[in-house]
């Protein structure tokens with residue numbers, strides 16, 4: 015157990031180091047001139063070459079890459095992630111506000127796609143070969159082939175513009191003061207973006223669950239449950255769920271990365287003030303400090319998604335729980351074999 | 261042999277009852293053991309002229325494709341009496357698992373099933389057999405793989421297993437009854453475990469933590485949970501060492517001695533002869549001879565050449581070649597021949613299944 019924690023802490027530190035180095039190296043080879051970005055376009059044009067050189071000296075833009083990286087990393091360790099140029103505020107403050115918005119959006123989409131996908135996959139497997147199965151399969155394939163931003167636009171046109179059920183964008187009513195914004199307002203603004211985003215995960219999880227459930231239906235323990243007199247649905251409830259939940263949860267946690275990628279697009283379409291739209295703003299506006307911080311945060315998010323999946327294995331699967339984490343890999347392989 | 265009935269004539273039951281079952285000797289194409297009883301004037305399970313097979317198309321496509329029937333089991337007769345252990349002995353892959361599934365009302369989707377099945381004096385259909393399964397007729401599966409790997413075995417034994425539709429009709433009463441039922445099932449699980457020498461702690465184990473002998477007894481407890489009249493054991497001994505296999509047979513013997521009936525499906529004639537009351541010899545998709553174990557004492561009391569060949573193939577008879585029977589001169593060869601033919605048969609059946617896109621679980625007996 016201690017070794018499990020130590021190993022993952024080490025992995026996390028290495029991941030953060032690697033991500034920050036790559037981001038830093040990529041930014042340094044980009045054509046952006048740090049001095050120009052910092053003083054602004056118009057000021058830069060009217061500035062004398064001596065002044066520019068002085069500023070470059072002052073900000074250390076001519077220092078070697080590793081030295082600049084060392085400076086930046088040292089500051090980050092102390093909790094100073096720099097100042098965002100585009101938002102004119104400390105990066106930490108910008109991210110704190112937007113992280114909560116993004117978290118709400120992604121959590122809602124994550125839960126929605128998980129439940130919907132799992133249920134659809136289960137129904138399709140039980141009704142395999144029938145009309146219901148074909149409809150669900152077709153629906154999933156169409157969803158998988160639909161661009162997220164396009165679906166977002168369609169939702170906006172139908173539900174916001176034509177029907178007027180939901181607001182056309184943002185996370186709170188336009189013009190309302192923060193004190194007046196209630197929970198219901200926030201929820202109303204969340205519905206469309208979360209629904210759009212959830213569509214990314216549904217097809218994956220439904221098709222995956224369908225395959226696994228069909229495997230389970232043909233497994234010996236499932237057939238024996240039916241031989242004992244259980245109906246297909248009853249056996250699915252008693253034996254299917256516990257054997258299917260684990261692979262589905264793992265997939266769902268592993269999908270956090272895709273979800274984050276999707277949230278960038280969805281937040282743009284719905285003008286939703288989350289990390290995704292901040293990343294776009296930072297990227298287009300040459301806001302290097304903000305971009306680096308968002309890269310770190312998203313890497314941490316994806317890492318924790320995968321970590322939770324790993325830990326869940328230990329909690330749900332008795333073959334790992336009772337044997338200890340030492341042979342987790344072996345038992346996980348066994349879990350795959352047993353359910354297939 | 262008489263021509264197979266395609267459906268049950270209405271008078272079949274009364275005619276059946278008229279037969280004087282008390283007489284020993286041959287009737288219904290079988291002879292009796294001393295312990296064979298006819299409680300209620302009939303057999304507990306009777307299979308008459310059963311044929312099971314698959315319809316498939318010939319390899320050429322288009323309108324000229326010919327439908328052909330592949331019969332895995334043909335014109336088979338079998339009777340299980342109350343309180344008796346009947347062993348069906350036959351080569352692997354000869355369709356014995358198909359027979360077990362059919363008796364449990366689990367017909368393959370693209371299979372045809374013809375003949376008459378009686379249980380406790382009643383003619384059965386697929387629907388009525390499905391209602392009996394898990395209650396009056398229970399299956400003892402082959403291996404620990406039949407247990408849910410993620411559920412403690414005590415819970416699996418006590419699991420509610422036949423709540424079909426009844427629960428939907430009367431929700432209110434059902435809710436109360438379920439609580440009592442579940443306590444009764446747990447009680448039953450504890451007493452079964454105690455009877456079979458499984459300690460309290462075994463109930464809290466997962467299948468992967470069981471030893472081979474424990475797993476087998478847990479599977480038996482699962483079959484016995486709802487106090488069945490007939491248990492069908494499908495190859496319960498492969499993978500067990502001799503001591504455990506003998507112990508397993510002892511458990512079945514005990515159930516039969518207590519008044520239950522056992523249909524033991526096996527390829528191990530030695531083991532079958534140790535515990536069974538009667539043995540049905542299964543060859544080429546049908547039962548060629550169904551007789552008391554005592555008749556296996558000498559080849560002279562066996563009627564069929566194949567049964568005699570089986571007798572000679574037993575290790576204690578030194579694999580002797582029988583001079584009198586020319587056609588069964590090489591018993592081993594005869595057995596081998598049978599096995600390969602049967603495998604080819606079930607292979608084709610399995611392919612036919614896959615071709616139809618239906619659930620293709622392989623014939624594994």
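Protein chains in written order, with my numbering: chain F, 15 to 354; chain X, 261 to 625.
Where is the CB? At the ideal position from N, CA and C, for every residue including glycine.
Values in this document were obtained by computation on a predicted structure and should not be read as measured data.
Would you mind working out which of the options sits nearest residue i, comparing C-alpha positions?
i                      : options                       : result
residue 214 of chain F : F:270, F:133, F:115 and F:313 : F:270
residue 80 of chain F  : F:64, F:37 and F:236          : F:37
residue 290 of chain F : F:95, F:41, F:111 and F:43    : F:111
residue 393 of chain X : X:414, X:461, X:531 and X:482 : X:482
residue 49 of chain F  : F:329, F:85, F:68 and F:39    : F:68
residue 43 of chain F  : F:73, F:136 and F:300         : F:300
residue 169 of chain F : F:251, F:226 and F:207        : F:207
residue 253 of chain F : F:266, F:238, F:265 and F:262 : F:238
residue 381 of chain X : X:537, X:472, X:308 and X:414 : X:308
residue 25 of chain F  : F:328, F:166 and F:320        : F:320
residue 406 of chain X : F:154, F:203, F:183 and F:249 : F:249
residue 259 of chain F : F:292, F:246, F:286 and F:224 : F:224
residue 355 of chain X : X:531, X:511 and X:495        : X:495
residue 235 of chain F : X:566, X:404, X:359 and X:310 : X:404
residue 323 of chain F : F:279, F:267 and F:332        : F:267
residue 409 of chain X : F:181, F:263, F:257 and F:151 : F:257
residue 310 of chain F : F:78, F:35 and F:138          : F:35
residue 279 of chain F : F:326, F:45 and F:161         : F:161
residue 153 of chain F : F:219, F:103 and F:183        : F:219
residue 331 of chain F : X:360, X:327 and X:465        : X:465
Hey, how far is the Cα of residue i from the Cα of residue j?
i                      : j                      : result
residue 503 of chain X : residue 412 of chain X : 26 Å
residue 421 of chain X : residue 444 of chain X : 13 Å
residue 97 of chain F  : residue 129 of chain F : 40 Å
residue 117 of chain F : residue 288 of chain F : 8 Å
residue 581 of chain X : residue 552 of chain X : Confidence at residue 581 of chain X is low in this model, with a pLDDT of 49, below 50, so the placement of that residue should be treated as unreliable; the coordinate-derived value is given next. Their backbone Cα atoms lie some 24 Å apart in a straight line.
residue 336 of chain X : residue 335 of chain F : 50 Å
residue 505 of chain X : residue 513 of chain X : 12 Å
residue 134 of chain F : residue 251 of chain F : 15 Å
residue 627 of chain X : residue 368 of chain X : Nothing can be reported for residue 627 of chain X: it is not among the residues displayed for chain X, which extend from 261 to 625.
residue 47 of chain F  : residue 72 of chain F  : 14 Å
residue 474 of chain X : residue 549 of chain X : 35 Å
residue 365 of chain X : residue 310 of chain X : 14 Å
residue 304 of chain F : residue 226 of chain F : 42 Å
residue 141 of chain F : residue 570 of chain X : 46 Å
residue 279 of chain X : residue 312 of chain X : Note that residue 279 of chain X scores 49 on pLDDT, short of 50, meaning its location in the model is unreliable; the coordinates nonetheless yield the value given after this. Cα to Cα, the separation comes out at about 27 Å.
residue 384 of chain X : residue 201 of chain F : 59 Å
residue 317 of chain X : residue 331 of chain X : 14 Å
residue 57 of chain F  : residue 292 of chain F : 25 Å
residue 77 of chain F  : residue 176 of chain F : 56 Å
residue 561 of chain X : residue 460 of chain X : 48 Å
For a contact meaning CB atoms closer than 8 Å, what does residue i contact in chain X?
i                      : result
residue 235 of chain F : 405, 406, 407, 408 and 409
residue 331 of chain F : 410
So residue i contacts chain X; which residues on that side make the cut at Cβ distance below 9 Å?
i                      : result
residue 309 of chain F : The contacting residues do not exist; residue 309 of chain F stays about 39 Å from chain X at best.
residue 256 of chain F : 408, 410 and 411
Taking C-beta pairs closer than 7 Å, name the residues in chain F that residue i reaches, listed in chain order.
i                      : result
residue 393 of chain X : 241 and 243
residue 419 of chain X : 252
residue 468 of chain X : 333
List, in order along the chain, the chain F residues whose C-beta lies closer than 8 Å to that of residue i?
i                      : result
residue 401 of chain X : 234, 238 and 241
residue 317 of chain X : Per Cβ cutoff of 8 Å: no residues; residue 317 of chain X is ~19 Å from chain F at best.
residue 366 of chain X : 240 and 241
Residues in its own chain within less than 8 Å of residue i by CB, not counting five upstream and five downstream?
i                      : result
residue 449 of chain X : 414, 417, 418, 463, 481 and 485
residue 391 of chain X : 365
residue 120 of chain F : 211, 270, 273, 274 and 277
Who are the near neighbours of residue i in its chain, counting only those whose CB is closer than 7 Å to its CB and skipping five residues on each side?
i                      : result
residue 307 of chain F : 95, 105 and 109
residue 431 of chain X : Caution is warranted here: a pLDDT of 42 is assigned to residue 431 of chain X, below 50, making its placement in the model unreliable, and the coordinate value is therefore given only provisionally. Within the same chain, residue 431 of chain X has no close Cβ partners at all.
residue 542 of chain X : 348, 349, 350, 354 and 356
residue 22 of chain F  : 321
residue 75 of chain F  : 48 and 49
residue 157 of chain F : 213, 216 and 217
Going along chain F, which residues have a C-beta under 9 Å from residue i?
i                      : result
residue 456 of chain X : The premise fails here: residue 456 of chain X is roughly 18 Å from chain F at the closest Cβ pair, so nothing lies under 9 Å.
residue 474 of chain X : Going along chain F, no residue has its Cβ under 9 Å from residue 474 of chain X, so there is no contact; the nearest lies around 16 Å.
Got a sec? Which residues, its chain only, sit under 6 Å from residue i by beta carbon, not counting five neighbours each side?
i                      : result
residue 222 of chain F : 265
residue 533 of chain X : 553 and 556
residue 123 of chain F : 208, 211 and 212
**Asked** For the stretch 383-399 of chain X against the stretch 239-258 of chain F, are there 3 or more C-beta pairs whose distance is under 8 Å?
**Response** yes
**Prompt:** Can we say the stretch 340-349 of chain X touches the stretch 523-539 of chain X, given the rule of at least three CB pairs closer than 8 Å?
**Reply:** yes
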